[in-house]
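Chains as they are written, first to last, in our numbering: chain G, 1 to 116; chain Y, 1001 to 1116.
Below is one structure, written out as structure tokens; comments come after it.
2 protein chains.
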Amino acid sequence: MQYRYITMGISKTEHFTEKQNELASLLKALAHPARIAILEHIIKVNACICNDIVNELPLAQPTISQHLKELKNAGIIKGNIEGNAICYCIDEKIIGKLQKIFLGYEMKIEKKRACC
Amino acid sequence: MQYRYITMGISKTEHFTEKQNELASLLKALAHPARIAILEHIIKVNACICNDIVNELPLAQPTISQHLKELKNAGIIKGNIEGNAICYCIDEKIIGKLQKIFLGYEMKIEKKRACC
DNA sequence: ATTTTATATCGTATTATTGCAATATAGATA
DNA sequence: TATCTATATTGCAATAATACGATATAAAAT
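If you want it as structure tokens, here you go:
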């Protein structure tokens, strides 16, 4: 077998650059309404525990826990142990990184010439 | 049946705001290395046809066509008919929109207070 | 020590995504 | 008209994502 199967159906990640794969998986971590909602709630209250989000969103505790894990694995949020709870907050570096990436794309686009 | 099943496994989109759902599906359209590569190639050459991308990337023509369709449906690229080919280019509005969204999140994050 | 509170993990049913061969469609060319 | 070129669509096998009940783990409170 020649391919490595990593993410999303059958994906030939080895054919793309590391930067392209990294950006894709970072965006994938955000590409779900529940995770956007979780992110926005954490930004709004600055920091909170998993159970706060369970009370905020109409999803079961294991589901929220799973989404938090994905956000954490992608480096979008950080989790600090606080007693028997875990306090989550945004990793502002990643958000800034994303902002810069899209700014970079925006700058590269030649706005003068129309499509085709 | 109380739920509507729309995207990615079982997803309860009706429980989230329209903005959250829209951002999630926009990011989902970009959340694949092949689509990032396609986007970068289109930006690089300003405009190109499907077959150019087939020659550029190690994916079959139907696969490229499918990815182009997803990018087009998300409003990230535009396609203009040119003879028997279709010329694709970036929709700079969407890229700018994404840049502004992440800039907005970045501004909202309270950088002074540390996590927890 | 027992119960409560908070979170993570496992197992699994359901649905979505990916990639491509085969085929269809349509304009251009000979 | 027949062929070439470019793209889209269909069908399908393989894989990934989602959601949650049941359960495990661990610290706090009683």
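Every residue, glycine too, gets a C-beta built ideally from N, C-alpha and C.
- Close to chain Y, meaning a Cβ-Cβ distance shorter than 7 Å, are the following residues of the region 74-97 of chain G: K78, N80, E82, C87, C89, I90, E92, I95, G96.
- A distance below 9 Å separates the beta carbons of L1030 (chain Y) and L27 (chain G).
- Bounds of any alpha helix (DSSP H) do not take in A74 (chain G), whose DSSP letter is neither H nor E.
- For I1094 (chain Y), same chain residues with a beta-carbon under 8 Å away, outside a window of 5 residues either side, are L1026, A1074, G1075, I1076 in chain order.
- C-alpha of E1022 (chain Y) to C-alpha of A1085 (chain Y): approximately 30 Å in a straight line.
- A residue is called buried once 16 or more other Cβ atoms fall within 10 Å of its Cβ, and Q1099 (chain Y) is buried on that count.
- At least 9 Å separates the CB of I64 (chain G) from every CB of chain Y.
- Interface criterion met: the Cβ of H1015 (chain Y) is under 9 Å from a Cβ in chain G.
- Identification of chain Y residues near E56 (chain G) by a Cβ-Cβ cut-off of 9 Å yields none; the smallest Cβ-Cβ distance measures about 11 Å.
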